[in-house]
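Undergrad: Handing you a structure now.
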Amino acid sequence: MSAEKPLNGFNVLVTRANSQAAEFSKKIQAVGGCPIEVPLIATRKTETDFNALPVLKQLTSKDWIVFTSANGVQYFHEHVKDLSLELEDLKNVNVACVGVKTKKAAEKIGWKVSLCPEEFRAESLAEELIDHVRQDSKIVIARGNLARTYLREVLTEKKIFFFDFVVYETIQLLENEKEVLHLLENKTIDFITLTSSSTASAFMQIVKRNGLENRVRDIVFVCIGPITRDKLLSYKIKCTCIMPEKYTIDGMLEKMCTYAEKREE
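So, in structure tokens, the structure goes:
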């Protein structure tokens with residue numbers, strides 16, 4: 006195994022949604038790995054909530070829009086169009102993002118991001134957001150249906166108004182279960198990458214339904230962050246689980262490479 010291709014000979018299961026898998030797979034291939042894409046989840050836009058329209062129209066420079074994911078940015082933009090609004094109508098609103106990828110997605114559309122904590126967790130966002138908002142601020146949280154409740158709980162406790170805007174939903178792709186079973190039964194996977202608690206749940210439900218707990222003991226799970234790791238471990242399986250210091254797919258890739266190099270020593 007060369008230093009340039011530390012994942013040479015390793016098969017890596019990529020479980021994230023189709024729309025996001027290609028980027029990760031290219032990075033895996035660049036370091037010698039063989040990505041196997043089996044998306045376990047997909048996202049889709051929710052029906053537009055027209056109760057959001059008066060809230061969005063009233064937002065001013067003291068108010069905030071919070072994006073908890075890159076998907077949230079994309080789907081919020083679609084809802085804004087459905088509401089016959091333009092981003093120009095919201096240009097004075099402050100924007101907060103969880104994670105660099107979310108920030109980049111927002112900036113690509115045209116948002117000026119005012120707040121993006123270094124740690125990509127709701128706890129960090131809530132802590133920093135509370136330091137920036139006023140008691141009379143209004144906050145719109147653009148999120149998926151499975152987003153954690155932490156930020157909303159903090160805002161409720163602080164008696165700060167927020168509009169909970171569920172702009173997309175995550176669904177499990179049950180039709181791909183047979184492919185996962187085939188890979189596990191043939192022991193062809195070295196790493197299983199989990200980039201959200203949703204993918205962790207989807208994968209482990211397949212394992213549990215089919216009694217394959219023993220088949221995953223020798224596979225290394227690579228979780229993007231502590232929330233995903235905790236969801237995986239909540240299923241009480243015996244497994245090896247690694248997690249990067251920086252909660253990104255680049256961090257996951259680096260962690261896999263380091264693990265592979267040490268295993269080959």
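Residue 6 is where the sequence shown starts when you use our numbering, and the numbers rise one by one after that. Virtual Cβ for every residue (Gly too), placed ideally from N, Cα, C.
Is it the case that the Cβ atoms of Leu-186 and Ala-207 are separated by a distance below 9 Å?
TA: Along the sequence shown, read from residue 1 onward, the residue named residue 186 stands at position 181. Along the sequence shown, read from residue 1 onward, the residue named residue 207 stands at position 202. Cβ distance not < 9 Å, so Leu-186 and Ala-207 don't count as in contact.
Undergrad: Less than 9 Å between the C-beta atoms of Val-159 and Phe-196, yes or no?
TA: Residue 159 sits at position 154 when you count from the first residue of the sequence shown. Residue 196 sits at position 191 when you count from the first residue of the sequence shown. No, they are not a contact pair.
Undergrad: How far does the beta strand (DSSP E) with Ile-33 in it reach, from first residue to last?
TA: Here the question's residue 33 lines up with position 28 in the sequence shown. No beta strand (DSSP E) contains Ile-33, which is instead part of the alpha helix (DSSP H) from 23-35.
Undergrad: My understanding is that Ile-146 touches Leu-156, with C-beta atoms under 8 Å, so please give their C-beta distance in whole angstroms.
TA: For the purposes of this step, residue 146 is taken as the residue at position 141 of the sequence shown. For the purposes of this step, residue 156 is taken as the residue at position 151 of the sequence shown. With a Cβ gap of about 7 Å, Ile-146 and Leu-156 count as contacting.
Undergrad: Put Val-138 into one of helix, strand or coil per three-state DSSP.
TA: Residue numbering aside, residue 138 sits at position 133 when the sequence shown is read from its first letter. In this structure, Val-138 counts as coil in the three-state DSSP scheme.
Undergrad: Alpha carbon to alpha carbon, how far is Ala-57 from Phe-170?
TA: If you number the sequence shown from 1, residue 57 lands on position 52. If you number the sequence shown from 1, residue 170 lands on position 165. One C-alpha to the other measures close to 7 Å.
Undergrad: Measuring straight from C-alpha to C-alpha, what distance separates Asn-150 and Val-172?
TA: Residue numbering aside, residue 150 sits at position 145 when the sequence shown is read from its first letter. Residue numbering aside, residue 172 sits at position 167 when the sequence shown is read from its first letter. Those two C-alpha atoms are separated by around 8 Å.
Undergrad: Rounding to the nearest angstrom, what Cα-Cα distance links Val-36 and Val-212 in this structure?
TA: The residue you call residue 36 lines up with position 31 of the sequence shown. The residue you call residue 212 lines up with position 207 of the sequence shown. Near 29 Å, if we compare the C-alpha coordinates of Val-212 and Val-36.
Undergrad: Indicate the three-state DSSP secondary structure (helix, strand or coil) for Thr-51 in the structure shown.
TA: For the purposes of this step, residue 51 is identified with residue 46 of the sequence shown, where counting begins at 1. Coil, per DSSP.
Undergrad: DSSP three-state call for Glu-174: helix, strand or coil?
TA: Within the sequence shown, numbered from 1, the residue matching residue 174 stands at position 169. In the structure shown, Glu-174 sits in a strand (DSSP, three-state: E or B).
Undergrad: Report the three-state DSSP secondary structure of Leu-151 (helix, strand or coil).
TA: Here residue 151 is taken as the residue at index 146 of the sequence shown, counted from 1. Three-state DSSP puts Leu-151 in coil, outside helix and strand.
Undergrad: From what residue to what residue does the alpha helix (DSSP H) around Thr-198 run?
TA: Against the sequence shown, residue 198 aligns to sequence position 193. Thr-198 -> not in any alpha helix (DSSP H); beta strand (DSSP E) instead, spanning 196-199.
Undergrad: Compute the beta-carbon to beta-carbon distance between Ile-242 and Glu-218, rounded to the nearest angstrom, for a pair I have assumed lies under 8 Å.
TA: On the sequence shown, residue 242 is found 237 positions in, with the first residue counted as 1. On the sequence shown, residue 218 is found 213 positions in, with the first residue counted as 1. Contact flag correct, Cβ pair sits at about 5 Å.
Undergrad: Please return the same chain residues whose Cβ sits closer than 6 Å to the Cβ of Phe-167, not counting the five positions on each side in sequence.
TA: Here residue 167 refers to the residue found at position 162 when the sequence shown is read from its first residue. Correct list, in chain order: Ile-144, Ile-146, Leu-160.
Undergrad: Near His-84, which residues of its chain fall below 6 Å by C-beta distance, leaving aside the five closest residues on each side in sequence?
TA: Here residue 84 refers to the residue found at position 79 when the sequence shown is read from its first residue. Cβ neighbours of His-84 beyond the five flanking positions: Thr-53, Val-172.
Undergrad: Given this structure, state the Cα-to-Cα distance separating Glu-93 from Trp-116, to the nearest angstrom.
TA: The residue given as residue 93 occupies position 88 in the sequence shown. The residue given as residue 116 occupies position 111 in the sequence shown. Each residue's alpha carbon lies about 10 Å from the other.
Undergrad: Quick one: grab the DSSP three-state call for Met-6.
TA: What you label residue 6 is simply residue 1 of the sequence shown in a count that begins at 1. A caution first: Met-6 carries a pLDDT of 48, below 50, which makes its placement in the model unreliable, though a value can still be read off. Of the three classes helix, strand and coil, the one that applies to Met-6 here is coil, per DSSP.
Undergrad: Using a Cβ-Cβ cut-off of 6 Å (strictly less than) and excluding sequence neighbours within five positions of Ser-202, which residues of its own chain qualify?
TA: Counting from 1 along the sequence shown, the entry for residue 202 is found at position 197. These residues qualify, in order along the chain: Ile-232, Thr-233, Lys-236.
Undergrad: By the DSSP assignment, the alpha helix (DSSP H) with Phe-81 in it spans what residues?
TA: Reading the sequence shown from its first residue, position 76 is the one you call residue 81. First-last of the alpha helix (DSSP H) with Phe-81: 75-87.
Undergrad: For Val-19, collect the residues of the same chain with a Cβ closer than 6 Å to its Cβ; drop the 5 residues on either side in sequence, then sort them by chain order.
TA: Translated into the one-based positions of the sequence shown, residue 19 becomes position 14. Answer for Val-19: Ala-26, Phe-29, Ser-30, Pro-40, Glu-42, Thr-198, listed in chain order.
Undergrad: Using the Cβ count rule (16 or more neighbours within 10 Å means buried), how would you classify Asn-99?
TA: Numbered from its first residue, the sequence shown carries residue 99 at position 94. A residue is called buried once 16 or more other Cβ atoms fall within 10 Å of its Cβ, and Asn-99 is buried on that count.
Undergrad: List, from N- to C-terminal side, the alpha helix (DSSP H) runs of 4 residues or more that fit wholly inside the stretch 91-138.
TA: 105-114, 127-137
Undergrad: Given 8 Å as the limit, is there contact between the stretch 105-120 and the stretch 43-50, that is, 3 or more CB pairs closer than that?
TA: Flag = no, the stretch 105-120 and the stretch 43-50 do not touch.
Undergrad: Does DSSP classify Cys-39 as helix, strand or coil?
TA: For this step, residue 39 is matched to residue 34 along the sequence shown. It is a strand residue.
Undergrad: Within the continuous beta strand (DSSP E) that includes Leu-18, where are the two ends?
TA: For the purposes of this step, residue 18 is taken as residue 13 along the sequence shown, with counting starting at 1. Taken as a continuous stretch (DSSP letters only), the beta strand (DSSP E) holding Leu-18 covers 16-19.
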